[in-house]
Every structure is written in C-alpha cells, then in structure tokens.
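Chemist:
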Amino acid sequence: MEKFLKAGPATILALLAVFALILPTGCTKKEKETIKVGAILAVTGGASFLGGPEARTIQMLADELNAQGGVNGHMVELIIKDSGANPEKAISFAKQLIEEDKVFAIIGPSTSGETMKIKNIAEEGKTILLSCAAAQVIVNPVAKYVFKTPQKDSDAVKKIYAAMKDKGITKIAVLAGNTGFGKAGKGQLTKIAPEFGIDVVMAEVYDKKSTDLSAVVAKLMANKEIQAVVNWSIVPAQGILAKNMRQAGWNVPLFQSHGFGNIKYVETGGAAAEGIIFPAGRLLAPELLADGDPQKELLINYKAAYESKYNEPASTFGGHAYDAFKILCRAISQVGADKEKVRDAIENLKGFAGTGGVFNFSPTDHNGLAIDAFAMWIVKDGKFAPYQK
Amino acid sequence: MTSELFLQYVFAGLTYGIIYAIVAIGFNIIYNTTGIINFAQGEFVMLGGMIAISLNNFMPMVVAIVLAVMITMVIGALIEIVFIRWLEKPSVLRLIIITIGLSILIREVALHIWGESVRSLPYFVGNEVTSISILGTRISPQVLWVMGVCTVMVLCLSLFFRFTLMGQKMQACAANRTAATLCGINTRNMVTLSFMLSAGIGALAGCVMSPITYTQYDGGTGLAIKGFTVAIMGGLGHSMGAVAAGLLLGLLEAFSVSVLPLAFQDAISISILLVILFVRPHGLFGRKDAAGLKEF
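One line per chain: the protein sequences are A and B, in this order.
Heads up, the first sequence is in numbering that gives the first Met the number 0, so the first residue is 0 and it goes up one at a time.
Heads up, the second sequence is in numbering that gives the first Met the number 0, so the first residue is 0 and it goes up one at a time.
Printed below as a string of structure tokens:
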C-alpha cells in the first residue's frame, strides 16, 4: 500500500489507462463519472506521525466506499501526494492537483504551516480544501473554500487553563516547538492567559529536531515561581521534555497540547510520561463514552477497523482525515457532484458526528467544533485515562 | 547562577559534547586515510541505534549492542568496497558527492525498514525517571553511561593508533600514502578498515545515546552537521582536538541557553563553523603548515 502511495502520478495514470482499455469491452453499464479527491499529506518527514495515519485512514475509507458502490454511484479516486511536511512541496502539489488533475476537493495538508501556504491557492482555484491541521488562523478569517476538521487550538488552550485554575496554578512556563503548530499555540497561550488570571513567566521555543532539552529544563527549574509547564509541539520532543524534567527531579505538573494524542508518545516517554495532562478528542477511549453518545459507535468502529487493518494504534490525527473524508462524502450524497453546491452543503452541515466532535458548520465558522469537542486526559499506568481533578 | 544550576548546564553540555566528539572522530579517521569527509557518518550512528533496538527484541541488550556495532562495521566496509575501493584516482569532490549520496541512500533505506516512528533502547540502568544526585544536581544515570563509554572509546582509539601495528599502518597512510605503499602497506585495506572503525564507534555512540535522544531514521543528519563543525573546529584529522572542540561546543550550547533564547542553540554551532572556516580554517588545534599540505 505504501508503495502504491509513493508510486506517484505515473503509475496511477498507467493504471487508469489499463482500466480505460478494459472498460468499454468488459462493462456495458454506463458508469457515473469518478470523483477525484486530492490529498496533500505529510506521509514522510518530520510530521509523518500526522500524515501517515491520515493517508492510511482515507485510503481505507475510500476502499470501503468504492466497495460499497461509491457515493451516489460515483466512485472516488484518491490522489495522495506526500509533501514530507515541506510547504514548498505542498504549494506545488496543490497547484498540480487543482490545475492538472482538476480534483473535486483536497484533503489536508497535515500541518498548519503548509495549510497557510496553500489557503490562497485553493481559494483562487475554487477548490474545497479540508485541512487536517490545527491552527485557528486557517479558518479565521474565513476563506470561502477552506475548512478544517481538527479542534481549535484556542479551545485546547482554554481547556488547559481551566484545568490549571482548578488546581490553583497561576504562574507557568511555556515551551513550544518551532513549527507552525508550535508558534500558533504559543501565541494563543500568551494571548488567552490573562483571561484566566494566569501569568506566563517564561516562554521558550526549541528546534523541532531537538534531542535533548536538559539545559532549558535547568533554566526553567531555577525559577522557583513556576508552578506548571505547558509544552506545545507535535514532535518527539514532547517525550524528551518529560524525561528531562523528571530526571532533573522537577515534579511540577506538565501539560501538553492536543498534539500529544498518540499512544506512541506515551510509550517513548515511558515512566516519565506518567501524569502528563492534555486535551484531546474522545477517540482515545471511546468505550468510556455514555451509551447513546452520537460519537461512540463511529469511534469504536473506526478504531477497530484501523487497528485491525494497519496493526498500529489509531490516533486522533487519522481521525481528522476521517472527518474530512466523511464530511465531503456526506455533502456529495446530499447535493450531488457539483463543487459549488457541495461547498454550500458543507458550510450548512449541522449536527454531523465525527471523530473530533459534533460538527456544526456555518458561514462564519468553517471548523464547526465547540470547546466541548475536547476532553482532558491524563497518562496513567502508560495509558490515556480521563482527567479528574 | 547557583552552583547546582551551573553543574546542571555542565552535565547537559558534556553529554552533547562527547557525542559530537565521537562523530567528529569518525570523520577524522576516514579523513586521515582518504583525505575526504564522509558525510554518511551521522547515518552510522543512526544505524547502530536502530539495529540494536531491533535486535533487542530477541536478545539481551548487551548482545544486541555488540551485534549492532559489528553489523554496522560490516555495512561500513561494504560501502567502502562497493562504492569507493574500485575508483581509480578519484577526485576529492567526487568522493564527497558519493558520501552525500550514500547518506541519503542509507536514510531512505532506514525509512523503508523502520518507518518514520521514533524508537529507543531501554535505559541501561533504571528507567525514564531514575535520576542520581551528584553534588546537589540530579542527572540520569544514562548520562554517565554516555560519558563513560565515549571516554573509554577515545582512550582505546588513541592506544590503538599509538601502540598497535595496525594502528601505526593506518597512521602511516595518513601521513603519506605513497610512502606507506612503498613500505608494503596495503593502503586500500587501510581505507576499508578506517570505514569499519568509524562505523563501529559511530554505532556504539548511537546505542548508548539512544535512550536519551531517541533514534529516528533521519536523526543522523543533525549529528553530522554538529560533528563536522567539531571536526573543523578541532582541526581536521586531530582526534584529541575533536574531543576538546566537541566538549567546548557542547558546553557553549548548554550555557547559551541561560543567556539567549533556546531557539538560537543551533545557530551557535553554525556560526562557529562559519567563523572558524573564515578565520582559522585549520582549526583551533590544527597546524597551519600541516593543513597547507592537504588536498582538502
């Protein structure tokens, strides 16, 4: 499968040519036109733990859909491009998908930095873009054709600050990776802090490739005022920071962003990951949801299907692509394969349960998720457990 | 600055520093016998870590590490035999391009074998939260393992070069290859040996640092840049210079955090590299006249 993903347009074209030869003779029934859906995902590179599950998820969903006869009789053809989290590549893939492949819609990119680079390209090309990246700037200000499925980073910050307030924490340190996600998160953390009466005493940014943060931990630790640390990144440094803090004998609470929602980080952090508190969607433990919750069944099904097919734990990141794909299919099934109508349908979609929460889109809200899409989690005995104060 | 904080920075700096030094020594060993910089040096470190992690699933860690080092040495030898040995009087530039190509090749192969995820060996002693107290500051025991193993490696290498026949043959190649050939030394074998040796020490460093830094398929690139900086700083070809320069760079990086924002940490090593290349291209500890005799 991976090979197929990487094979690129040439192979896909060749396959199409073969199909074109077979179709007129073998199949007499008139098929409806195939819908081409592009996807720009960071399957390899520094953000591969986002793009990898995302690409595998939509591939699984598309196969499922086509096996069931497609959406409204249209087969869906996925064109997945691996951007390697490189904004330059994302730009050229976006142009290629829009101008040459003339795709119906684009799912992705995986990272906020890439999405911001191609926001205008999608807008000018009048192509629906369903981003799987978190930063709020993607949908604020609203662009007509740009939507996003992950929860807002500002809501994640508010959730964290509310939890801190409960614990009586008022003085904190902020650490962030130097990625689009990290920068946007750091901005939100400093902006929203006063609303909750929280004081950001120190803020530091580290390189996304950092392999050791013990020096900065020493610096923060020297400031006795700090009652908690918030780390905002999507890189392995999430685990490294936890280890460095605990090894230095510093036991203040460590909060992480919703980028921590992958059990692999808990595994790499080992014993040091114990007690990390972070906000994330409900995919992490769907079995704990009340019966009758609109998300429960689909979360359990997605998790089971993904884990049995790919033999790796499902993450909230794959869920973002799941939501993007399902929202697109729902809109197409409502109004047919017309780009403009589908865009309008997405904008007016209400009460749509996805992995990230229940989406209620509107012309002013192209994310559609409220703050209750997040739950607070804590790492307990190497697993995610709901956080109670 | 309190003394505990000072020591905390010192330990952080020494940990990075000794790792940079090992990578730099790897550069130096190959440079000495061939006159080229092997830009795939960082990949040896990554390979050592990755292979040990995979083997550790089937056998005790000590055996896994020993095997991983040996396998990486064989890979180093194969690389030299397949890509470099048969070239007749290759230019320095050509060899350098070959090693850059090799580093990309190894990285891609590693990506296909191990995927993009981050892995690590378990801590040798204790676990992720174990720490020991030294002079009022707390550090992970793994830090001592890294320092200990790397120090022993440096000592063994210097003994090897000084007191064994093989080591002296390699040094002879470094000093003057034509003269060495005339003395009956098989210089080509010495080149293969130098690739094996630098692959081996890189792999061992990759194993001991894995619990601290994690191992990822593209982890070698950053290390190669730092190691290269250190090798240049210490004077190309000087193993002891590399050790001093490595520790210096590590300490500089660690202490820079106390005055500069963390984001500048990597800019420091690159700035140092540029300054050294402009002002003292033969390095802090190298001799100018000796550097003048080299091709590169």
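Glycine residues also receive a C-beta, built at the ideal position from the N, C-alpha and C atoms.
#1: For B/Ser-193, does the three-state DSSP call read helix, strand or coil?
#2: Compare the C-beta of A/Gln-333 against all C-beta atoms of chain B and say whether one is closer than 8 Å.
#3: In angstroms with no decimal places, state the Cα-to-Cα distance between A/Ile-262 and A/Phe-254.
#4: Pick from B/Gly-41, B/Ile-271, B/Ala-243 and B/Gly-240: whose alpha carbon is nearest that of B/Ser-255?
#5: Are B/Val-128 and A/Arg-245 close, meaning C-beta to C-beta below 8 Å?
#6: Quick test of the definition: if touching needs 3 or more C-beta pairs under 8 Å, does the stretch 169 to 176 of chain B touch the stretch 166 to 176 of chain A?
#7: Closer than 9 Å, Cβ to any Cβ of chain B: which residues of the stretch 273 to 285 of chain A, in chain order?
#8: Alpha carbon to alpha carbon, what distance is there between A/Pro-278 and A/Ala-369?
#9: Between the stretch 107 to 116 of chain B and the stretch 212 to 229 of chain B, do three or more beta carbon pairs fall short of 8 Å?
#10: Quick one: grab the DSSP three-state call for B/Glu-115.
#11: Using the C-alpha atoms, what's the distance from B/Ile-18 back to B/Val-44?
#12: Is A/Pro-23 buried or exposed, if buried means 16 or more other CB atoms sit within 10 Å of its CB?
#13: Output, in chain order, the set of chain B residues within a Cβ distance shorter than 9 Å of A/Ile-394.
#14: Report the option in A/Glu-339, A/Gly-317 and A/Thr-363 whose CA atom is closest to the CA atom of A/Leu-49.
#15: As a quick exercise: from A/Met-375, A/Asp-380 and A/Lys-379, pick the residue whose alpha carbon is nearest that of A/Tyr-386.
#16: Look at the alpha carbon of B/Gly-233 and the alpha carbon of A/Pro-86, and state the distance between them as a whole number of angstroms.
#17: If we ignore side chains and look at the alpha-carbon of each, how far apart do B/Ala-67 and A/Ser-82 end up?
#18: Using a Cβ cut-off of 8 Å (strictly closer), state whether A/Lys-182 contacts chain B.
#19: Return no unless some Cβ of chain B is closer than 8 Å to the Cβ of A/Thr-43.
#20: Going by the CB atoms, is the gap between B/Gly-199 and B/Ala-23 shorter than 8 Å?
#21: Between B/Ile-184, B/Gly-221 and B/Leu-251, which lies nearest to B/Thr-32 when the distance is taken from Cα to Cα?
#22: Please name the residue in B/Val-124, B/Glu-115 and B/Gly-100 whose C-alpha comes closest to that of A/Gly-44.
#23: Where does B/His-237 sit, in a helix, a strand or coil, going by DSSP?
#24: Hey, could you find the ends of the alpha helix (DSSP H) A/Phe-180 is sitting in?
#25: Tell me, to the nearest whole angstrom, how far the beta carbon of B/Ser-209 is from that of B/Leu-120; I am working on the premise that it is less than 8 Å.
#26: Can you tell me the Cα-Cα spacing of B/Thr-186 and B/Ala-20, whole angstroms?
#27: Beta carbons nearer than 7 Å to chain B: which residues of the stretch 205 to 235 of chain A have them?
#28: Could you tell me the distance, in whole angstroms, from the CA atom of B/Ile-224 to the CA atom of B/Asp-265?
#29: Which term fits B/Trp-85, buried or exposed, when burial requires 16 or more other beta carbons within 10 angstroms of its beta carbon?
#30: Would the stretch 125 to 138 of chain A count as touching the stretch 99 to 117 of chain A if we require 3 or more Cβ pairs under 8 Å?
#31: Mapping the DSSP letters down to three states, classify A/Gly-176 as helix, strand or coil.
#32: Rank A/Ser-153, A/Lys-151 and A/Ile-120 by C-alpha distance to the C-alpha of A/Ala-142 and give the top, closest one.
#33: Along chain B, which residues have their Cβ under 8 Å away from the Cβ of A/Gly-258?
#34: For the structure I just gave you, are there three or more beta carbon pairs, one from the stretch 176 to 194 of chain A and one from the stretch 50 to 64 of chain A, closer than 8 Å?
#35: Using a Cβ-Cβ distance under 8 Å, would A/Asn-85 count as near chain B?
#36: Could you say which of A/Val-216, A/Asp-211 and A/Ser-209 lies nearest to A/Met-201 if we only look at CA atoms?
Modeler: With the given structure in hand:
#1: By one-based count along the second sequence, residue 193 of chain B stands at place 194. Residue state, collapsed to three classes: helix.
#2: Translated into positions along the first sequence, residue 333 of chain A becomes position 334. Not closer than 8 Å to any Cβ of chain B, the Cβ of A/Gln-333 fails to qualify, so no.
#3: Here residue 262 of chain A refers to the residue found at position 263 of the first sequence. Here residue 254 of chain A refers to the residue found at position 255 of the first sequence. Computed Cα separation, rounded: 16 Å.
#4: Taking the second sequence and counting its residues from 1, the one referred to as residue 255 of chain B is at position 256. Of the listed residues, the one whose Cα sits closest to B/Ser-255 is B/Ile-271.
#5: Numbered from 1 along the second sequence, position 129 holds the residue referred to as residue 128 of chain B. Numbered from 1 along the first sequence, position 246 holds the residue referred to as residue 245 of chain A. In this structure, B/Val-128 sits near A/Arg-245, with a CB-CB distance shorter than 8 Å.
#6: no
#7: Glu-273
#8: For the purposes of this step, residue 369 of chain A is taken as residue 370 along the first sequence, with counting starting at 1. For the purposes of this step, residue 278 of chain A is taken as residue 279 along the first sequence, with counting starting at 1. C-alpha separation (whole angstroms): 13 Å.
#9: yes
#10: Residue mapping note: residue 115 of chain B aligns to position 116 of the second sequence, counting from 1. DSSP places B/Glu-115 in coil when its eight states are reduced to three.
#11: Along the second sequence, read from residue 1 onward, the residue named residue 44 of chain B stands at position 45. Along the second sequence, read from residue 1 onward, the residue named residue 18 of chain B stands at position 19. Computed Cα separation, rounded: 10 Å.
#12: Counted from its first residue, the first sequence places residue 23 of chain A at position 24. Low local confidence applies: a pLDDT of 45 at A/Pro-23 is under 50, so the model's placement there is unreliable, with the coordinate-based value given in what follows. Burial call: exposed.
#13: Any answer about residue 394 of chain A is impossible in this case: the structure gives chain A only from 0 up to 388.
#14: For this step, residue 49 of chain A is matched to residue 50 along the first sequence. It is A/Gly-317 whose Cα lies nearest to the Cα of A/Leu-49.
#15: Taking the first residue of the first sequence as position 1, residue 386 of chain A is located at position 387. Looking at the Cα atoms, A/Met-375 is the closest of the given residues.
#16: For the purposes of this step, residue 233 of chain B is identified with residue 234 of the second sequence, where counting begins at 1. For the purposes of this step, residue 86 of chain A is identified with residue 87 of the first sequence, where counting begins at 1. Taking the straight line from one Cα to the other gives about 37 Å.
#17: As a position in the second sequence, residue 67 of chain B is number 68, starting the count at 1. As a position in the first sequence, residue 82 of chain A is number 83, starting the count at 1. Computed Cα separation, rounded: 33 Å.
#18: Taking the first sequence and counting its residues from 1, one reaches residue 182 of chain A at position 183. Answer no: the Cβ-Cβ gap between A/Lys-182 and chain B never drops below 8 Å.
#19: Here residue 43 of chain A corresponds to residue number 44 of the first sequence, with the count starting at 1. A/Thr-43 counts as touching chain B.
#20: On the second sequence, residue 23 of chain B is found 24 positions in, with the first residue counted as 1. On the second sequence, residue 199 of chain B is found 200 positions in, with the first residue counted as 1. Result no, Cβ atoms of B/Ala-23 and B/Gly-199 do not sit closer than 8 Å.
#21: Position 33 of the second sequence holds residue 32 of chain B. The residue with the shortest Cα to Cα distance from B/Thr-32 is B/Ile-184.
#22: Position 45 of the first sequence holds residue 44 of chain A. Checking every option, the nearest Cα to that of A/Gly-44 belongs to B/Glu-115.
#23: In the second sequence, the residue the question calls residue 237 of chain B occupies position 238. Three-state DSSP puts B/His-237 in coil, outside helix and strand.
#24: Taking the first residue of the first sequence as position 1, residue 180 of chain A is located at position 181. Element bounds for A/Phe-180: 179 to 191.
#25: Along the second sequence, read from residue 1 onward, the residue named residue 209 of chain B stands at position 210. Along the second sequence, read from residue 1 onward, the residue named residue 120 of chain B stands at position 121. Contact holds; Cβ gap of about 4 Å.
#26: Along the second sequence, one-based indexing puts residue 186 of chain B at 187. Along the second sequence, one-based indexing puts residue 20 of chain B at 21. Rounded to whole angstroms, B/Thr-186 to B/Ala-20 spans 26 Å at the Cα level.
#27: For the stretch 205 to 235 of chain A, residues whose beta-carbon sits nearer than 7 Å to a beta-carbon of chain B comprise Tyr-205, Asp-206, Lys-208, Thr-210, Asp-211, Ser-213, Ala-214, Val-215, Ala-217, Lys-218, Ala-221 and Pro-235.
#28: Looking up residue 224 of chain B in the second sequence gives position 225. Looking up residue 265 of chain B in the second sequence gives position 266. Their Cα atoms are separated by approximately 10 Å.
#29: In the second sequence, residue 85 of chain B corresponds to position 86, counting from 1. Burial is judged here by how many other beta carbons sit within 10 angstroms of a residue's own beta carbon; B/Trp-85 has fewer than 16 and is exposed.
#30: yes
#31: Counting from 1 along the first sequence, the entry for residue 176 of chain A is found at position 177. It is a strand residue.
#32: In the first sequence, residue 142 of chain A corresponds to position 143, counting from 1. For the set A/Ser-153, A/Lys-151 and A/Ile-120, the Cα lying nearest the Cα of A/Ala-142 is the one of A/Ile-120.
#33: In the first sequence, counting from the first residue as 1, residue 258 of chain A sits at position 259. Under the 8 Å cutoff, chain B gives no residues; its nearest Cβ is about 14 Å from A/Gly-258.
#34: no
#35: The residue given as residue 85 of chain A occupies position 86 in the first sequence. Chain B contact via Cβ: absent.
#36: The residue you call residue 201 of chain A lines up with position 202 of the first sequence. Comparing Cα-Cα distances from A/Met-201 to each of A/Val-216, A/Asp-211 and A/Ser-209, the minimum goes to A/Val-216.
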